[in-house]
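**Q** First the structure, then my questions, so here it is.
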Amino acid sequence: MSSNSACHDCQRHGLCCLFPEALENICRYLSLPEIQLVCCLCRRLNRSVVDVLLASNGILDPTVECHIRLDGTSDPAADSSSALVALQYALSIPSMEQFAVTFTGNSDTPRMVQNMRRCRRVLLKFPSIRDVIIEFQEIEYDARFLTSGGLKYPLKNDFQALLDTIQGLPSLKSLRVATGWDFDSNYMLELFPSVVGVHSISPPVGSALLKKAHKIYKGILSRSRPLPSPPSRRTPITFLIDTPILVLPSFYPWTISILSCRAITSLRLHMLIAAVDWPIILREIAEAVPYLTELTILGVRMPVPALMRIVSMQFRDLSSLTMDSAPDFFTEPSFRAITMAPVSELRGHKRSSTLIPKTYLSNLTSLAVRPEHLEFLLKPYEPLPALASLCVRLEILDLTSPGMPSLMRGIAMRLRSTHKSIAPLLVLDVRANVSPEALMCRTLDIALSKGIEWEEAFGSIENLRVRDYGAYNCVILARWLTVFRGATKISLAGISGSPASLERTMSEIYRTCPQVRSVTVEGTSRGLPGSGQELAGRTSGFLELPDDVLLIILGQLGSVELYGVSRLTRRLNLLALPLYFAQKGVSDPSQWCELRLVNSPAAADVLSALNSALFLREVKHISCHFKSGGYVFCYLNHIQRLTAFLAKFPSVEKVSLELADLGHVDSEVNEVVQAK
Numbered sequence: 001m002s003s004n005s006a007c008h009d010c011q012r013h014g015l016c017c018l019f020p021e022a023l024e025n026i027c028r029y030l031s032l033p034e035i036q037l038v039c040c041l042c043r044r045l046n047r048s049v050v051d052v053l054l055a056s057n058g059i060l061d062p063t064v065e066c067h068i069r070l071d072g073t074s075d076p077a078a079d080s081s082s083a084l085v086a087l088q089y090a091l092s093i094p095s096m097e098q099f100a101v102t103f104t105g106n107s108d109t110p111r112m113v114q115n116m117r118r119c120r121r122v123l124l125k126f127p128s129i130r131d132v133i134i135e136f137q138e139i140e141y142d143a144r145f146l147t148s149g150g151l152k153y154p155l156k157n158d159f160q161a162l163l164d165t166i167q168g169l170p171s172l173k174s175l176r177v178a179t180g181w182d183f184d185s186n187y188m189l190e191l192f193p194s195v196v197g198v199h200s201i202s203p204p205v206g207s208a209l210l211k212k213a214h215k216i217y218k219g220i221l222s223r224s225r226p227l228p229s230p231p232s233r234r235t236p237i238t239f240l241i242d243t244p245i246l247v248l249p250s251f252y253p254w255t256i257s258i259l260s261c262r263a264i265t266s267l268r269l270h271m272l273i274a275a276v277d278w279p280i281i282l283r284e285i286a287e288a289v290p291y292l293t294e295l296t297i298l299g300v301r302m303p304v305p306a307l308m309r310i311v312s313m314q315f316r317d318l319s320s321l322t323m324d325s326a327p328d329f330f331t332e333p334s335f336r337a338i339t340m341a342p343v344s345e346l347r348g349h350k351r352s353s354t355l356i357p358k359t360y361l362s363n364l365t366s367l368a369v370r371p372e373h374l375e376f377l378l379k380p381y382e383p384l385p386a387l388a389s390l391c392v393r394l395e396i397l398d399l400t401s402p403g404m405p406s407l408m409r410g411i412a413m414r415l416r417s418t419h420k421s422i423a424p425l426l427v428l429d430v431r432a433n434v435s436p437e438a439l440m441c442r443t444l445d446i447a448l449s450k451g452i453e454w455e456e457a458f459g460s461i462e463n464l465r466v467r468d469y470g471a472y473n474c475v476i477l478a479r480w481l482t483v484f485r486g487a488t489k490i491s492l493a494g495i496s497g498s499p500a501s502l503e504r505t506m507s508e509i510y511r512t513c514p515q516v517r518s519v520t521v522e523g524t525s526r527g528l529p530g531s532g533q534e535l536a537g538r539t540s541g542f543l544e545l546p547d548d549v550l551l552i553i554l555g556q557l558g559s560v561e562l563y564g565v566s567r568l569t570r571r572l573n574l575l576a577l578p579l580y581f582a583q584k585g586v587s588d589p590s591q592w593c594e595l596r597l598v599n600s601p602a603a604a605d606v607l608s609a610l611n612s613a614l615f616l617r618e619v620k621h622i623s624c625h626f627k628s629g630g631y632v633f634c635y636l637n638h639i640q641r642l643t644a645f646l647a648k649f650p651s652v653e654k655v656s657l658e659l660a661d662l663g664h665v666d667s668e669v670n671e672v673v674q675a676k
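Counting from 1, position 364 in the sequence shown corresponds to residue 364 in UniProt numbering; the numbering is continuous, with no gaps.
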């Protein structure tokens, strides 16, 4: 470019007027110090070079998202270190909200130290950063990396300095340090805006030429906008911490320091320390967060009563405590959630070391535990005055375990003896770790064989919450709910299905369980479902099709879909059920109907279809083969449906039954079957 075409802005041969592709090629031959010098020549050239370097690293808009991967590439234009330099000297970037850096194992220790220092300068320059992510991938070090003397000392100091810089960000809301170690959760925490003032920009370390360039840079920056001044100290803002803070011995001092400058009311700790260190660390954490009301401790490795004593003595305003033991710690169970009154309000007494150990359980107001954990909690401290108004919510993983009825009966009798109000005594929260229908059928078999014991154990439950079931058979679910004869409020959480299937489920529950007053689906209270006319109005577009078109559509459906469609309207019943029986191998059920029934929930649809078939006027011959095995409840359910079918069609001339061998079931169940 000729001298007479020099740029008016820089007056230096028009370097800033080059195309971005030309600038990118030039930057490939420049070192990082030279790139820093070029950025300080003029404002226009600064913007062009910064845009080129950030775009080459995949950063299009750093004000919204900025993720840098430091992989140690030798090419300066492709090296992500150039992106840090560009951010450090950028004049056209007013602010940043998110800053993410990934350190990989390809970088050597000196380069990693230098990049950590560059990250510090970027963080100091942009106090508006709210979210910070620091990741370490493919690092050759083991778990001693950044935590012990196993690595080079300067790297540890620079990493600690980087964490201190992050702590001082005034707008920081979240920080995630992912080390890549084999822990259940990475080092994560959520913070509210800090009360620490904004830091001023520190000069970079370099040669005399860079120091001179930095003076030019500061002059340009001061003319564009003044340096921010530290704001006045303000009242701390409460912010909820909803991600675990990983507590390691080496991270422990920094964890305490970063918690101490925030007003935190809710905290989750993942403790990976020895049990002997817990009292000291919990005491210092309590001093750092004096306003804590909710505490969650993961990885418990000490006896629960001792831990509750420590927590009650140290956290004054604590109202909710959730504990979960480590996977390899089985000596004592843990509790899902414990809600307690603040210790400072307990009977008007002041806190004292002599009062708390005796009464640290008497301020409980609600529990969310497993039955075996509740038994463990109540046994050594019976009777507790707080049980007079205690609302217990039990989490049941498997109702079919051998000792579950006796355990539940003992808990119900113990709580009933001290319960004075008319509020629900127990809230049962059922979750299946097997298939839903299998769990329900096994439960019904046990309730059938041990009716009196089951009634004493589960008859006092008024609120029942069923969760994590996904797709299910609504008939089996409704029959399963009948074993809880005292349940008046049903809540279905995590239930998947269409609105029509949910309506069908609720209708079946109300029909089968007359004691149920309300059913809640996903937090929304629902009354009785609509009438058949309303349902027909919702599907009027489908029903307006002629019969021949509907038969073509229904012919593409399977047996399960055909049975479901037949329950919608009378017309669909007449069209779908003949196709349903044809798929089952029964061409004309009015003359000959042969069924092979397995003792499973799905096999009941065949008998239900026979009972509800409107096109059948008479049946002459029916043959049923009951296969052995399966669930006794399904076997009895098939017999009941077959009995109703025979009562509906007195024209039956011949009945062939092949009953299953029930020698493998309980003798009491066998007596019930023989009576049927």
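All C-beta atoms, glycine included, are put in the ideal place defined by N, C-alpha and C.
Taking L492 as the reference, give the member of A288, N463, Q583 and Q114 with the closest Cα.
**A** Counted from its first residue, the sequence shown places residue 492 at position 492. It is N463 whose Cα lies nearest to the Cα of L492.
**Q** From Q160 to R465, what distance separates their C-alpha atoms?
**A** Here residue 160 refers to the residue found at position 160 when the sequence shown is read from its first residue. Here residue 465 refers to the residue found at position 465 when the sequence shown is read from its first residue. Take the alpha-carbon of Q160 and the one of R465: they are about 48 angstroms apart.
**Q** Tell me whether the beta-carbon of A90 lies closer than 7 angstroms to the beta-carbon of H67.
**A** Stepping through the sequence shown from its first residue, residue 90 is reached at position 90. Stepping through the sequence shown from its first residue, residue 67 is reached at position 67. Not closer than 7 angstroms, so no.
**Q** If you run the structure through DSSP and keep just helix, strand and coil, what is E462?
**A** Reading the sequence shown from its first residue, position 462 is the one you call residue 462. If DSSP states are grouped into helix, strand and coil, E462 belongs with coil.
**Q** Could you give the DSSP three-state label for T293: helix, strand or coil?
**A** Your numbering for residue 293 matches position 293 in the sequence shown. Annotated three-state conformation of T293 is coil, per DSSP.
**Q** Note down, one range per segment and in chain order, each alpha helix (DSSP H) of at least 4 residues found wholly within the region 81-119.
**A** 81-89
**Q** Given L169, which residues of its chain have a CB within under 7 angstroms of its CB, disregarding the five upstream and five downstream residues?
**A** Your numbering for residue 169 matches position 169 in the sequence shown. So the list reads L123, P127, I129 and S194, once near-sequence residues are dropped.
**Q** I need the DSSP call for M302, collapsed to helix, strand or coil.
**A** Looking up residue 302 in the sequence shown gives position 302. The answer is coil: DSSP assigns M302 none of H, G, I, E or B.
**Q** Does R234 pass the burial test, meaning 16 or more other C-beta atoms within 10 Å, or should it be called exposed?
**A** Within the sequence shown, the letter at position 234 stands for residue 234. The predicted position of R234 is uncertain, since its pLDDT is 35 and thus under 50; a value taken from the coordinates is nonetheless stated next. Flag for R234 reads exposed.
**Q** For a test of the three-state rule: what should DSSP assign to E34, helix, strand or coil?
**A** Along the sequence shown, read from residue 1 onward, the residue named residue 34 stands at position 34. Of the three classes helix, strand and coil, the one that applies to E34 here is helix, per DSSP.
**Q** Between which two residues does the alpha helix (DSSP H) harbouring V519 extend?
**A** Position 519 of the sequence shown holds residue 519. Segment S518 to V521 is the beta strand (DSSP E) holding V519; no alpha helix (DSSP H) there.
**Q** Tell me which residue opens and which closes the beta strand (DSSP E) that R69 is part of.
**A** On the sequence shown, position 69 is the one that residue 69 refers to. Note, R69: beta strand (DSSP E), H67 to L70.
**Q** Tell whether a beta-carbon distance below 7 angstroms holds between L607 and R641.
**A** Locating residue 607 in the sequence shown gives position 607, where the first residue counts as 1. Locating residue 641 in the sequence shown gives position 641, where the first residue counts as 1. Yes, Cβ-Cβ distance for L607 and R641 is below 7 angstroms.
**Q** Quick one: what's M323 bridged to in DSSP?
**A** Residue numbering aside, residue 323 sits at position 323 when the sequence shown is read from its first letter. Answer is I297, bridged to M323.
**Q** Taking 7 angstroms as the cut-off, decide whether the C-beta atoms of T322 and T296 are in contact.
**A** Along the sequence shown, read from residue 1 onward, the residue named residue 322 stands at position 322. Along the sequence shown, read from residue 1 onward, the residue named residue 296 stands at position 296. Contact flag set, yes.
**Q** Just verifying my parser: in three-state terms, what is the DSSP assignment at I622?
**A** By 1-based counting over the sequence shown, the position of residue 622 is 622. Note: I622 maps to strand in three-state DSSP.
**Q** Where N46 and V521 are concerned, what is the direct C-alpha to C-alpha distance, given to the nearest angstrom?
**A** Taking the sequence shown and counting its residues from 1, the one referred to as residue 46 is at position 46. Taking the sequence shown and counting its residues from 1, the one referred to as residue 521 is at position 521. Their backbone Cα atoms lie some 59 angstroms apart in a straight line.
**Q** Count the other CB atoms within 10 Å of the CB of V64; is the residue buried (16 or more) or exposed (fewer)?
**A** The residue labelled residue 64 in the question sits at position 64 within the sequence shown. Exposed is the call here.
**Q** Apart from the five residues just before and just after S651, which ones in its own chain have a Cβ nearer than 8 angstroms to its Cβ?
**A** On the sequence shown, residue 651 is found 651 positions in, with the first residue counted as 1. Around S651: E618, V619 and K620.
**Q** For the alpha helix (DSSP H) holding L54, just list the boundary residues, first then last.
**A** Position 54 of the sequence shown holds residue 54. Here the alpha helix (DSSP H) through L54 covers R43 to S56.
**Q** Would you tell me roughly how many angstroms separate the C-alpha atoms of L577 and A609, rounded to the nearest one?
**A** Here the question's residue 577 lines up with position 577 in the sequence shown. Here the question's residue 609 lines up with position 609 in the sequence shown. Whole-angstrom Cα-Cα distance: 7 angstroms.
**Q** Name the DSSP bridge partner or partners of K648?
**A** Position 648 of the sequence shown holds residue 648. Answer by DSSP bridge pairing: none, since K648 is not bridged.
**Q** Leaving out the 5 sequence neighbours to the left and right, which residues in its chain are closer than 6 angstroms to E97 when beta-carbon positions are compared?
**A** For the purposes of this step, residue 97 is taken as residue 97 along the sequence shown, with counting starting at 1. Closer than 6 angstroms at the Cβ level, and outside the excluded window around E97, lie R130.
**Q** Going straight from the alpha carbon of A423 to that of A306, what length do you get?
**A** Residue numbering aside, residue 423 sits at position 423 when the sequence shown is read from its first letter. Residue numbering aside, residue 306 sits at position 306 when the sequence shown is read from its first letter. The pLDDT assigned to A423 is 39, lower than 50, so where the model puts this residue is not dependable; a value taken from the coordinates is nonetheless given after this. For A423 and A306, the distance between alpha carbons rounds to 31 angstroms.
**Q** Use the C-beta contact count for G558: other C-beta atoms within 10 angstroms, 16 or more gives buried, fewer gives exposed.
**A** In the sequence shown, the residue the question calls residue 558 occupies position 558. Classification of G558: exposed, given that the 10 Å Cβ count is below 16.
**Q** Starting from V655, follow the beta strand (DSSP E) in both directions and report where the run begins and ends.
**A** By one-based count along the sequence shown, residue 655 stands at place 655. Counting along the chain, the beta strand (DSSP E) containing V655 begins and ends at K654 to E658.
**Q** Which one of K648, A288 and W278 has the shortest CA to CA distance from M308?
**A** Looking up residue 308 in the sequence shown gives position 308. Among K648, A288 and W278, the Cα nearest to that of M308 is on W278.
**Q** Under the three-state reduction of DSSP, which class applies to C634: helix, strand or coil?
**A** By one-based count along the sequence shown, residue 634 stands at place 634. The answer is helix: DSSP assigns C634 an H, G or I state.
**Q** Hey, how far is the Cα of Q591 from the Cα of I553?
**A** Mapped onto the sequence shown, residue 591 falls at position 591. Mapped onto the sequence shown, residue 553 falls at position 553. Roughly 27 angstroms separates the two Cα atoms.
**Q** Let me know if P546 comes out buried or exposed under the rule of 16 or more other beta-carbons within 10 Å of its beta-carbon.
**A** To locate residue 546, count along the sequence shown from 1; it is residue 546. Burial call: exposed.
**Q** For Q515, does the count of other Cβ atoms within 10 angstroms reach 16, so buried, or fall short, so exposed?
**A** Within the sequence shown, residue 515 is the residue found at index 515, counting from 1. The residue is exposed, with fewer than 16 neighbouring Cβ atoms inside 10 Å.
**Q** Could you check the C-alpha separation between G486 and S320 for me, to the nearest Å?
**A** The sequence position of residue 486 within the sequence shown is 486, counting from 1. The sequence position of residue 320 within the sequence shown is 320, counting from 1. The alpha-carbon atoms of G486 and S320 are separated by roughly 29 angstroms.
**Q** Could you please give me the residues that DSSP links to F136 through a beta bridge?
**A** Mapped onto the sequence shown, residue 136 falls at position 136. Bridge partners of F136: F103.
**Q** Considering only residues of the same chain and omitting the five flanking positions on each side of V672, which have a CB-CB separation below 6 angstroms?
**A** For the purposes of this step, residue 672 is identified with residue 672 of the sequence shown, where counting begins at 1. Bear in mind that a pLDDT of 44 at V672, under 50, signals an unreliable position, so the model cannot answer this.
**Q** Could you check what DSSP says for L169 in three-state terms: helix, strand or coil?
**A** Taking the sequence shown and counting its residues from 1, one reaches residue 169 at position 169. Looking at L169 - three-state DSSP - the assignment turns out to be coil, as it is neither helix nor strand.
**Q** Given a cut-off of 7 angstroms, decide if S587 and S623 are closer than it, judged by their beta-carbon atoms.
**A** In the sequence shown, counting from the first residue as 1, residue 623 sits at position 623. In the sequence shown, counting from the first residue as 1, residue 587 sits at position 587. No, the pair does not count as a contact, with Cβ atoms beyond the cut-off.
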